[in-house]
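Undergrad: The structure follows.
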Amino acid sequence: MGRCTSPFTQATLLWDGRFNDFTSAADLNKWSWSNQVGPYQYYIHGSSPVDKYISLSETFKNPNDTRSRQGARFTLDSTAYWNGQNMRRIELIPQTKEATINKGKVFYHFSIMMRSDKNPPSVNREHQICFFENHFTELKSGWISGESGGTGNVNLQWMTNSQRSGWKTEWRAGVWHNVAYEIDFSANKVGLWHSEGGEPLKQVVAPVSVSTSSNGADWHLGVLELPRNGYSDTTEDFYFSGVYIETGPITTAIGGP
Numbered sequence: 274m275g276r277c278t279s280p281f282t283q284a285t286l287l288w289d290g291r292f293n294d295f296t297s298a299a300d301l302n303k304w305s306w307s308n309q310v311g312p313y314q315y316y317i318h319g320s321s322p323v324d325k326y327i328s329l330s331e332t333f334k335n336p337n338d339t340r341s342r343q344g345a346r347f348t349l350d351s352t353a354y355w356n357g358q359n360m361r362r363i364e365l366i367p368q369t370k371e372a373t374i375n376k377g378k379v380f381y382h383f384s385i386m387m388r389s390d391k392n393p394p395s396v397n398r399e400h401q402i403c404f405f406e407n408h409f410t411e412l413k414s415g416w417i418s419g420e421s422g423g424t425g426n427v428n429l430q431w432m433t434n435s436q437r438s439g440w441k442t443e444w445r446a447g448v449w450h451n452v453a454y455e456i457d458f459s460a461n462k463v464g465l466w467h468s469e470g471g472e473p474l475k476q477v478v479a480p481v482s483v484s485t486s487s488n489g490a491d492w493h494l495g496v497l498e499l500p501r502n503g504y505s506d507t508t509e510d511f512y513f514s515g516v517y518i519e520t521g522p523i524t525t526a527i528g529g530p
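Per our numbering, the very first residue in the sequence shown carries number 274; after that it's consecutive.
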């Protein structure tokens, strides 16, 4: 049975990525290496304007999240290739000045959803979602590279150390999955909290040992899709909301403190 806490316990908000202060996705363009403003670093994307890859709307958020004004739709299209790579990518990196998000025990929160009626993610390709550079914790969807048997995979999975699946569920269209990575950088452990819709988060995997390496600027909110022979690019949409990082007792209520 997963551990749960009161949905109203208080924690300390370290970083807020809930898009509440954004007028549109074009605000992401205000950030640059020489002008590091706003909550996100925006540089992992294709050659098209920002609104081809990220769109903001109230209809893109978990409707049970009353703390978020809007959510974000991340799109992989035929131009979503970054820096000459053969992988399609659209990712945002937390921009922090004083908050330490890679020390002690912290919780990385986000909600994710996909739709079946418009640009569903392929079940035939591997998608790495909301990951760190060394992939000690991440979500994955679709057929996992090297997976034996079958050509597709309908699950949303939580993985540690890149390839070790610790939890999975069928990724059904229209269902919001609320996720929190419980990361103890001091103890080198990570656990998983999860719920659907408006239900409070519950711990579904107790912390396990990993190499919790992070420089505080290498958590990728978004999607990296690996190419696969025999499967051509299709436009794919991923929806995110309720993105924030906290320390202290976990906030289990959807939307955050």
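Glycine included, every Cβ here is placed at the ideal spot set by N, Cα and C.
Below 9 Å between beta carbons: does that hold for L365 and E519?
TA: Result no, Cβ atoms of L365 and E519 do not sit closer than 9 Å.
Undergrad: How would you write the range of the beta strand (DSSP E) that F511 sits in, first residue to last?
TA: F511 -> beta strand (DSSP E) spans E509 to T520.
Undergrad: Give me the Cα-Cα distance between N427 and V478, rounded to the nearest whole angstrom.
TA: The residue asked about is misnamed: residue 427 is Val in this sequence, not Asn. Each residue's alpha carbon lies about 21 Å from the other.
Undergrad: Drop a sphere of 10 angstroms on the beta-carbon of N293, count the other beta-carbons inside from all chains shown, and report buried for 16 or more, exposed for fewer.
TA: The residue in question, N293, is exposed, as its Cβ has fewer than 16 Cβ neighbours within 10 Å.
Undergrad: Taking all protein chains shown into account, decide if P367 is buried (16 or more other Cβ within 10 angstroms of its Cβ) or exposed.
TA: The residue is buried, with at least 16 neighbouring Cβ atoms inside 10 Å.
Undergrad: Identify which residue in V448, A298, Q314 and F295 has its Cα closest to the Cα of W304.
TA: When each option's Cα is compared against that of W304, the closest is Q314.
Undergrad: Assuming the contact rule is C-beta atoms closer than 8 Å, Q283 and G521 should be a hit. Round their C-beta distance to whole Å, please.
TA: Right, the Cβ-Cβ distance comes to about 7 Å (below 8 Å), so this counts as a contact.
Undergrad: If you count every other CB in all the chains shown that lies within 10 Å of the CB of W416, and 16 or more means buried, which is it?
TA: Buried: at least 16 other Cβ atoms inside 10 Å.
Undergrad: What beta strand (DSSP E) runs, 3 residues minimum, are completely inside the region 289-360?
TA: The region 289-360 contains these whole beta strand (DSSP E) runs: 313-317, 327-330 and 344-349.
Undergrad: So what does DSSP say about P480, is it helix, strand or coil?
TA: Reduced to three states, the DSSP call for P480 is strand.
Undergrad: Can you give me the C-alpha to C-alpha distance between H400 and T433, rounded to a whole angstrom?
TA: If I take the Cα positions, the gap works out to 14 Å.
Undergrad: Under a three-way DSSP split, which group does H408 fall into?
TA: DSSP places H408 in coil when its eight states are reduced to three.
Undergrad: Is it true that the CB of V483 sits closer than 9 Å to the CB of F409?
TA: A contact, by the Cβ cut-off of 9 Å.
Undergrad: Classify R437: buried if its beta carbon has 16 or more other beta carbons within 10 angstroms, exposed otherwise.
TA: Under this definition R437 is an exposed residue.
Undergrad: Applying the 10 Å Cβ sphere with the 16-neighbour rule, what's the burial state of R291?
TA: Buried, because 16 or more other Cβ atoms sit within 10 Å of the Cβ of R291.
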